[in-house]
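Contents: one structure, followed by commentary.
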Amino acid sequence: MTTRESSREDDSCDLPLRDREPPIGHDVRSADEGAPEARIWASQWYRITPRSFVQTELFFDPQRVLFIFVDESYKSFLLRKDGREDRARELGKSYRERSAQVLLADKRHEESSIETLETIALRSGSWLRKPKLEIVSGERSRTLYHSSRGHDVEELATSLAFQYPSLEVRCDGERVSGGDGGVIGDVKKRG
18 MTTRESSRED
28 DSCDLPLRDR
38 EPPIGHDVRS
48 ADEGAPEARI
58 WASQWYRITP
68 RSFVQTELFF
78 DPQRVLFIFV
88 DESYKSFLLR
98 KDGREDRARE
108 LGKSYRERSA
118 QVLLADKRHE
128 ESSIETLETI
138 ALRSGSWLRK
148 PKLEIVSGER
158 SRTLYHSSRG
168 HDVEELATSL
178 AFQYPSLEVR
188 CDGERVSGGD
198 GGVIGDVKKR
208 G
């Protein structure tokens, strides 16, 4: 069972994927659900700079990846902000229905065209390390980390492999194939 916004048990597992409540930090939108395009939303990721943590919401559209700036918090414990993850999720919810053109009107937001991307690599978290997302393109490479060590990156990797079948998507070092039912390596994922 995936982590949900509410902690209560529910029996929504029998519902089709599009009718289920999205897990925290991951939401797949299709064009007929009101999103501007088929869009995958990855929430609560951040990148590390020499002085700060930059909270970023990610929207994977069919033609581009949008890096939405949420907030910046300094590494110093005295200057660090609390509640960054909650603010990021709230902002992501309000932005997920907006078009890419509207989102990119803010100069702090960035985009990468899918044509320039080479690989998307995800690494699962553990007790000692946070989940990692690397987006490698010819022009620039971006490394982001998830705020929760227990975040399920396999589900995101499978969704990205379906969204971008011509792009190399890797999860924990193994290539993920999107067109064959979500196969990671030789192990078929449960649906």
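FYI, in this note's numbering the residues of the sequence shown are 18 to 208.
Each residue gets a CB set at the ideal place from its N, CA and C atoms; glycine is no exception.
Remember, it's a predicted structure, so these values are computed and weren't measured experimentally.
- Counting along the chain, the unbroken alpha helix (DSSP H) around L173 starts and ends at V170 to Q180.
- A55 carries a coil assignment under DSSP once its states are collapsed to helix, strand and coil.
- In the structure shown, L120 adopts helical secondary structure according to DSSP, grouped into three states.
- The beta-carbon separation of R125 and F86, rounded to 4 Å, stays under the 8 Å limit for a contact.
- Under the 10 Å beta carbon count, L150 is surrounded by 16 or more other beta carbons and is classified as buried.
- For R157, the closest C-alpha among the options I137, S194 and G109 is that of I137.
- Considering only V193, D123, R187 and I152, the residue with the shortest C-alpha distance to Y63 is I152.
- In this structure, the CA atom of Q180 is about 15 Å from the CA atom of L139.
- Around the beta carbon of D169, a 10 Å sphere encloses 16 or more other beta carbons of the protein chains shown; the residue is thus reported as buried.
- Going by C-alpha positions, V186 is about 16 Å away from W58.
- Collapsing the DSSP output to three states places E107 in a helix.
- Note that the C-beta distance between L83 and A117 is below 8 Å.
- In this structure, S69 is the residue among S69, Y112, E127 and T73 with its C-alpha nearest to the C-alpha of Y91.
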